Structures are given as structure tokens and as C-alpha cells.
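Numbering (this note's numbering), first residue to last: 2 to 398. In this text, a Cβ means the ideal position worked out from N, Cα and C, and glycines have one as well. Bear in mind the structure is a predicted one, so any value in this text is a computation, not a measurement. Notes follow once the structure below has been shown.
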């Protein structure tokens, strides 16, 4: 499998956001794209086969969600995460980002507060703002000595105590800082939510992307009680590299809460029943485990390669090994550039397209997010370009 991950796959001219939007996003088409969070690896063969078999039937009509789809979710999370999900808890959804928007509309009224923990994935901000709700920031705390992030639980308590606070959006594992929250942190979040009657939506789309040498990811739902107001967003899209198929699921044990968010989706008549999305979704959870294990072994080597190279050969830039996700958070503050200058340096001088940290909130100022879900040779080229562009840097070889 290592050989297959090493093989570059040409993605240009496939309407790929990551590749074909480079000119629009970066102002040039020749940057190496290591930004948007999809990987440059072929999906598991089982997923491709399932899509081909469905395509072989020439009628692509309105499609039901089969019982086997729900069972694939139940079986995966029981076997992989020790989480026992009941069939009636599952609500299919058109994606995690639409689910964030729907949660704002279902659980907070216009102008009411939604808590997020920046620096965080940009749709956490936009889902609140575009739905007419109010952002309440509970910033993560970065230890300057270690570079490690933690939750500010005391401040979270104060945010939850606000009379307008209704919803907390948790990112677990966290994008972009790569933290896997500890059992103590997760239980503290639930305790705070209980005390202040706060609903929690936990985005756990990266739950399968964890490293063997780091703490185990724990689903927040495994600690929740029957009366907790918890919605968990899940999808195989990151795990098996098929985000373009656009299907996810929400696990909502409470019937009233499940009906509330379902009503939001129903009000917009959102079609979720794409026959190809269904086929790929189920095939990933049914047959993708060994591919995922091989992927994470490869990504761990990518992670370690980037960690060693950045911290020893790129003065002014530092990074930590993420505990989860295939995203690395590069601390570029010692380069002494503002955020506009930082983007210019990477795009114009190095020819590398990454996500600017400032897009994850003001707490991301001075950082860049690097996607390591690509062949190692691509990462080597990225790092060589950056090294050559740095003051006194060596020419890339």
C-alpha cells in the first residue's frame, strides 16, 4: 500500500477545488497546492468498485437510505470507537458544514450566541454569522513554551453562563491545531453544558484520522448521558478521501433535538439521496478499515518527515506533531511578517499554496496550515521550495 500512496495522481482539469482553483485563490496556477482538506490519494478500491457497480445500473433516480447504510455506521463506530449508536439516533445530512448551519438555526434564535474555540475551521464562524446568530469566542490557549494548545475551561464556563449562549460548536479532533481532547477535557465540556443548559454539536469528521503514537480519540458521545443535549456530526469523507460525495450523518439521541434539526433540513428541501454518495459512504465504512490503517501509517511518516525538516532546516518556522488529522499547524511568527506578507512569501517567493492561519480567526495570525495528505515527494518539494525562499536559504534540489 505504501507504493500506492507514493504514486502521484494528476488532478488538474478534474474540476478539483484544490488544484483547479489555484489561480483564483493564490493568483497563480503553479503553486504546489497543500491547502484545502482533501488528500491526493485514490480512495479505497472498495469505494471505487461500489461506485462503478452503482453506475452500471443506468437509472439514477430518487433513492432511499437503505438499512445497510445505517448498519454500516453502527458497526463502524462500535468496532472502531467503542460507541454504541442506536438506529433511531441517526439522521442523514448533506454534509458537516450544512449541519453546522442547521444547528445554529435549530438550537439558537436570531441574535443568540454560539460558542466556538478559535483558531478553528472557518465555517464555524460563517455558519453563525450567515444564520444571523452571534459569535462567542472561547479561544484555545497556546503554551508558549511547548506550542501545545488546551481549552480555557474557566473562560468556557463564563461564556456558557451568558444569558444569550445557546450552542457550543466543538471541533474534535481539532482543525487546525490537531489536538485530540483528553477524557478530562471532554467530560468538563459536558459538565459545563449541563450546568448552563447548553446544546453541543461536536464535529468529529476527523475522528478516524489519528496516529498510533498519540492518544486515542474518544467520541464525546461515549461520555454523554441520555439527557445531554448532544449532536455528533460524522462522515467517512475525510477518512476515505471522498468529500466530494457530500453525505454525512448526525447522531442525535434526543428525539426533540433530532426533530428540530430535521425540520431545518426539511424546510430547505435539501436532497440527500444521491445514489453514488450512498454507495461510497457504505463501502467506506464496510470495507475501508485496512486501507485506513495503511493510510495512517503513511501519514505518520509524512508527519514525522515534515516535523524533522521544518524544525531543523526552516529557521523562523516551527511545528508540532498533530495528534489527529492530516493537517499541520506551522508557527511562522518568528519570520517577522504580517499576515499579508506571510501569504506573499509562501505564494510568490516559495510557490506553495497553504491556508493562511488568519482565516481560522485572529488567534491564527502568524500561522499557516499545511495539508500532508499527499505523496512524500510532494512534501519534499514543498519544503525545499520554502527552504530556498528563506533568507540565506539553499537552492532546492
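Have a look at residue 113 and residue 139 and give me their C-alpha separation to the nearest angstrom.
For this step, residue 113 is matched to residue 112 along the chain shown. For this step, residue 139 is matched to residue 138 along the chain shown. Rounded to whole angstroms, residue 113 to residue 139 spans 16 Å at the Cα level.
Taking its Cβ as the centre, do 16 or more other Cβ atoms sit within 10 Å of residue 150, making it buried, or is it exposed?
As a working mapping, residue 150 is identified with position 149 in the chain shown. Residue 150 is buried by the Cβ-count criterion.
Ordered along the chain, which non-local residues of its own chain (more than five positions away) have a Cβ less than 6 Å from that of residue 362?
Counting from 1 along the chain shown, the entry for residue 362 is found at position 361. These residues qualify, in order along the chain: 119, 120.
Given that a residue counts as buried once 16 or more other Cβ atoms are within 10 Å of its Cβ, and exposed if not, what is residue 341?
Here residue 341 refers to the residue found at position 340 when the chain shown is read from its first residue. Classification of residue 341: exposed, given that the 10 Å Cβ count is below 16.
Please work out which residues of its chain come closer than 8 Å, Cβ to Cβ, to residue 4, disregarding the five sequence neighbours upstream and downstream, and give them in chain order.
Locating residue 4 in the chain shown gives position 3, where the first residue counts as 1. There are no such residues.
Cβ-based burial, residue 1 [other Cβ within 10 Å; buried from 16]:
A query on residue 1 cannot be resolved here, the shown segment of the chain reaching from 2 to 398 and no further.
Report yes if the C-beta distance between residue 277 and residue 248 is below 7 Å; otherwise report no.
For this step, residue 277 is matched to residue 276 along the chain shown. For this step, residue 248 is matched to residue 247 along the chain shown. In this structure, residue 248 does not lie closer than 7 Å to residue 277 by Cβ.
Burial state of residue 372 (16 or more Cβ within 10 Å)
For the purposes of this step, residue 372 is taken as residue 371 along the chain shown, with counting starting at 1. Counting Cβ neighbours within 10 Å, residue 372 comes out buried, since at least 16 surround it.
DSSP state of residue 319 mapped onto helix, strand, coil
Looking up residue 319 in the chain shown gives position 318. Residue state, collapsed to three classes: strand.
Near residue 380, what residues of its chain come up, given a Cβ to Cβ distance below 7 Å and the 5 sequence neighbours on each side ignored?
Stepping through the chain shown from its first residue, residue 380 is reached at position 379. If we look at residue 380 and ignore the five residues flanking it on each side, its Cβ neighbours are 303, 306, 307, 373.
Using alpha carbons as the reference points, say which of 367, 137, 225 lies closest to residue 318.
As a first step, residue 318 must be located in the chain shown, where it is residue number 317. Comparing Cα-Cα distances from residue 318 to each of 367, 137, 225, the minimum goes to 367.
Closer than 8 Å is the cut-off here; do at least three beta carbon pairs connect the region 286 to 300 with the region 125 to 137?
no
For residue 344, count neighbouring Cβ atoms within 10 angstroms of its own Cβ and tell me buried if that reaches 16, exposed if not.
By 1-based counting over the chain shown, the position of residue 344 is 343. Buried is the call here.
By DSSP, does residue 396 sit in helix, in strand, or in coil?
Residue 396 sits at position 395 when you count from the first residue of the chain shown. Residue placement at residue 396 cannot be trusted, given a pLDDT of 48 that sits under 50; what the coordinates show is reported in the next sentence. Coil at residue 396, not helix or strand.
Quick check on DSSP: helix, strand or coil for residue 154?
Here residue 154 refers to the residue found at position 153 of the chain shown. Helix, per DSSP.
Using 10 angstroms around the beta-carbon of residue 370, count the other beta-carbons present and answer buried if the total reaches 16, otherwise exposed.
Position 369 of the chain shown, counted from the start, is the residue given in the question as residue 370. Answer is buried; the Cβ neighbour count reaches 16.
Opening and closing residue of the beta strand (DSSP E) in which residue 91 lies:
Within the chain shown, numbered from 1, the residue matching residue 91 stands at position 90. Element bounds for residue 91: 91 to 94.
Please classify residue 170: does DSSP put it in a helix, a strand, or coil?
Taking the first residue of the chain shown as 1, we reach residue 170 at position 169. The answer is strand: DSSP assigns residue 170 an E or B state.
Tell me residue 232's beta-bridge partners as DSSP assigns them.
Taking the chain shown and counting its residues from 1, the one referred to as residue 232 is at position 231. Paired residue(s): 202.
Specify whether the region 346 to 357 and the region 233 to 242 touch according to this definition: at least 3 beta carbon pairs, one from each stretch, less than 8 Å apart.
no
Start-to-end residues for the beta strand (DSSP E) that takes in residue 312
What you label residue 312 is simply residue 311 of the chain shown in a count that begins at 1. First-last for residue 312: 290 to 314, but that is the alpha helix (DSSP H), not the beta strand (DSSP E).
Does the beta-carbon of residue 9 have 16 or more other beta-carbons within 10 angstroms, so that it is buried, or is it exposed?
The sequence position of residue 9 within the chain shown is 8, counting from 1. So residue 9 counts as exposed.
Pull up the DSSP beta-bridge partners for residue 328, would you.
Along the chain shown, read from residue 1 onward, the residue named residue 328 stands at position 327. Partner(s): 372.
Three-state class that DSSP yields for residue 265 in the structure shown:
As a working note, residue 265 is residue 264 in the chain shown. Residue state, collapsed to three classes: helix.
Identity of the residue in 198, 321, 244, 111 nearest residue 333 by Cα:
Residue mapping note: residue 333 aligns to position 332 of the chain shown, counting from 1. Among 198, 321, 244, 111, the Cα nearest to that of residue 333 is on 321.
State the CB to CB distance for the pair residue 194 and residue 91, rounded to an integer number of angstroms; the pair is presumed to be in contact (CB under 8 Å).
The residue labelled residue 194 in the question sits at position 193 within the chain shown. The residue labelled residue 91 in the question sits at position 90 within the chain shown. No, residue 194 and residue 91 are not in contact; Cβ-Cβ is about 21 Å, not under 8 Å.
Could you give the residue range of the beta strand (DSSP E) that holds residue 114?
As a working mapping, residue 114 is identified with position 113 in the chain shown. First-last of the beta strand (DSSP E) with residue 114: 114 to 117.
Alpha carbon of residue 224 to alpha carbon of residue 263, nearest angstrom:
Against the chain shown, residue 224 aligns to sequence position 223. Against the chain shown, residue 263 aligns to sequence position 262. Computed Cα separation, rounded: 24 Å.
Would you mind sorting residue 58 into buried or exposed? The rule is 16 or more other CB atoms within 10 Å of its CB.
As a working note, residue 58 is residue 57 in the chain shown. Exposed, because fewer than 16 other Cβ atoms sit within 10 Å of the Cβ of residue 58.
Neighbourhood of residue 125 by C-beta, 6 Å cutoff - its chain only, sequence neighbours within 5 removed
Taking the chain shown and counting its residues from 1, the one referred to as residue 125 is at position 124. Excluding positions up to five away in sequence, the list reads 117, 170.
Inter-residue Cα distance where the pair is residue 391 and residue 228:
Taking the first residue of the chain shown as position 1, residue 391 is located at position 390. Taking the first residue of the chain shown as position 1, residue 228 is located at position 227. Those two C-alpha atoms are separated by around 54 Å.
Here's the rule I'm using: 16 or more other beta-carbon atoms within 10 Å means buried, otherwise exposed. How should residue 16 be labelled?
Residue 16 sits at position 15 when you count from the first residue of the chain shown. Classification of residue 16: exposed, given that the 10 Å Cβ count is below 16.
Give me the Cα-Cα distance between residue 447 and residue 177, rounded to the nearest whole angstrom.
Only positions 2 to 398 of the chain appear in the structure, and residue 447 is not among them; the question remains open.
Between the alpha carbons of residue 388 and residue 352, how many angstroms are there, rounded?
Locating residue 388 in the chain shown gives position 387, counting from the first residue. Locating residue 352 in the chain shown gives position 351, counting from the first residue. Distance between the alpha carbons of residue 388 and residue 352 is about 11 Å.
Residue 135: first and last residue of the uninterrupted beta strand (DSSP E) it sits in
For the purposes of this step, residue 135 is taken as the residue at position 134 of the chain shown. 135 to 138 is the span of the beta strand (DSSP E), which, as asked, contains residue 135.
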